[in-house]
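Trainee:
Numbering (our numbering), first residue to last: 1 to 79.
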C-alpha cells in the first residue's frame with residue numbers, strides 16, 4: 001500500500017521492498033488507533049522518524065494512505 005501510494009516519491013518500480021522497514025514500525029502502532037486521523041498521524045510520525053520531517057512533509061500528504069490503512073489494514077489487526 002505504501003509502495004503504491006508512495007507518499008515521499010521513492011517508488012522506482014524495481015524497489016518494491018523500499019517501505020518494508022517503515023511498515024515494521026507503523027503496524028504495531030495501529031493496534032491503538034481509533035480513527036483515520038489517528039492512522040494518518042501514526043504514519044506521518046513514523047515517516048518523520050525515518051526520513052526527517054522536511055522529507056516527510058505535512059500530515060495531509062498521508063490522507064489517502066491513511067484512509068486505505070483504516071479500511072484495509074486496521075480491521076485485520078487483533079484487538
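Beta carbons are placed, not taken as given, at the ideal position from N, Cα and C, and that holds for glycine. Here the structure is a predicted model, which is why all the values come from computation and not from measurement.
(1) Please list the terminal residues of the continuous alpha helix (DSSP H) segment that includes residue 26.
(2) Between residue 63 and the rest of its own chain, which residues show a CB-CB distance below 7 Å, the 5 nearest in sequence each way excluded?
(3) In terms of residues, what are the limits of the alpha helix (DSSP H) holding residue 48?
(4) Smallest Cα separation from residue 5: which of 35, 61, 34 and 29?
(5) Could you check the C-alpha separation between residue 36 and residue 52 for me, to the nearest Å?
(6) Pull up the distance between the alpha-carbon of residue 50 and that of residue 74, whole angstroms please.
(7) Indicate whether residue 26 and residue 56 have their beta-carbon atoms separated by less than 8 Å.
Mentor: So, from the listed chains and residues:
(1) 20-26
(2) 40
(3) 36-51
(4) 61
(5) 22 Å
(6) 22 Å
(7) no
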